[in-house]
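See structure below.
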Amino acid sequence: MSEKKERKTMPGEALAVVEEFEPGEGTYSNGDSVRAAAVGIAEFDLKQRKVIVKSPVKKPALPTKGDSVEGVVESAQSNVINMRILRINGKPNEANFTGMLSTRQDPQRRGRRITVAKVADLMRATVYSTKNAIIHLALERDNDGVLSTVCSICGGGVVRINDRVKCKECGYVDERMLAPDFRGV
Ligand SMILES: [Zn+2]
334 MSEKKERKTM PGEALAVVEE FEPGEGTYSN GDSVRAAAVG IAEFDLKQRK
384 VIVKSPVKKP ALPTKGDSVE GVVESAQSNV INMRILRING KPNEANFTGM
434 LSTRQDPQRR GRRITVAKVA DLMRATVYST KNAIIHLALE RDNDGVLSTV
484 CSICGGGVVR INDRVKCKEC GYVDERMLAP DFRGV
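Set out below in structure tokens:
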């Protein structure tokens, strides 16, 4: 006989009687029965006569078309920017997804070609496709763009001047596709 037995549970479901099993983590005792406190997997320890309910491991949310994502620019070449996604629709996401932003299209949509973002910038973008398991991003919404950056020459803090950023330390003026709520550093 194995020492552990498992089964799926629903909240409030009776798992055992208190005489047989001691209520453990994720369970509660209701009079003479031990019940599940949440959806999960009930694990009966037959040796210790104890039952616990483990929550199912949640898979990280996968970005889907139309999601608003925020992240850090990991590489910025002339045609493509790779961004490590830190938030999906405002919720923190620790799965380390990388989104790809083609910079050939977006700047032109706003009239002229400028530097979209540089490495280490914090940026917001919209997922426009997840075809072939590649997360394609676009600066599609009005609030997409760079959220914070530092001077690319000296690393100093910057202030926004119209569509550009100016270093508070050395005065260097640089281009970015800035989000309307750009917050400098
Ligand atoms: Zn500077």
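Under this note's numbering, the first residue of the sequence shown is numbered 334, with each subsequent residue one higher. All C-beta atoms in this analysis are idealised placements derived from N, C-alpha and C, irrespective of residue type, glycine included.
Give me the Cα-Cα distance between residue i and residue j, rounded to the nearest whole angstrom.
i, j, result
"D507", "Y361", "60 Å"
"F515", "G373", "42 Å"
"A347", "I418", "41 Å"
"M436", "S388", "First, the amino acid is wrong: residue 436 is Thr here, not Met. Cα to Cα, T436 sits roughly 42 Å from S388."
"V405", "V498", "18 Å"
"D439", "R340", "The predicted model places D439 with a pLDDT of 49, which falls under 50 and marks its position as unreliable; any figure quoted below should be read in that light. If I take the Cα positions, the gap works out to 51 Å."
"D477", "C487", "26 Å"
"A349", "V367", "5 Å"
"I414", "S485", "16 Å"
Does the Cβ of residue i lie closer than 6 Å to at least one heavy atom of ligand 1?
i, result
"E508", "no"
"I486", "yes"
"G490", "no"
"E358", "no"
"Y361", "no"
"Y505", "yes"
"E502", "yes"
Am I right that residue i and residue j are in contact with their C-beta atoms under 8 Å? What's the rounded C-beta distance?
i, j, result
"P510", "L455", "Inspection of the sequence shows that residue 510 is occupied by Met rather than by Pro. With a Cβ gap of about 13 Å, M510 and L455 do not count as contacting."
"K383", "G357", "5 Å"
"V460", "G399", "6 Å"
"E502", "G517", "Actually they do not touch by this definition, with Cβ atoms about 13 Å apart."
"R480", "E403", "The sequence given here places Leu at residue 480; Arg does not occur at that position. Rounded, the Cβ-Cβ distance is 7 Å, consistent with contact."
"A375", "V390", "About 15 Å separates the two Cβ atoms, so there is no contact after all."
"V483", "V491", "6 Å"
Checking the sheet assignment: what are the DSSP bridge partners for residue i?
i, result
"G478", "R457"
"N363", "S366"
"L431", "The residue asked about is misnamed: residue 431 is Thr in this sequence, not Leu. Answer by DSSP bridge pairing, in chain order: R417."
"C500", "V491"
"R340", "A375"
"I385", "E376"
"G404", "I418 and M456"
"D514", "D514 is not bridged to any residue."
Counting only C-beta atoms, is residue i closer than 7 Å to chain B at any point?
i, result
"E403", "The structure shown contains no chain B; it holds only a single protein chain."
Contact the stretch 421–435 vs the stretch 456–476: 3+ CB pairs below 8 Å: Verdict: yes, contact present.
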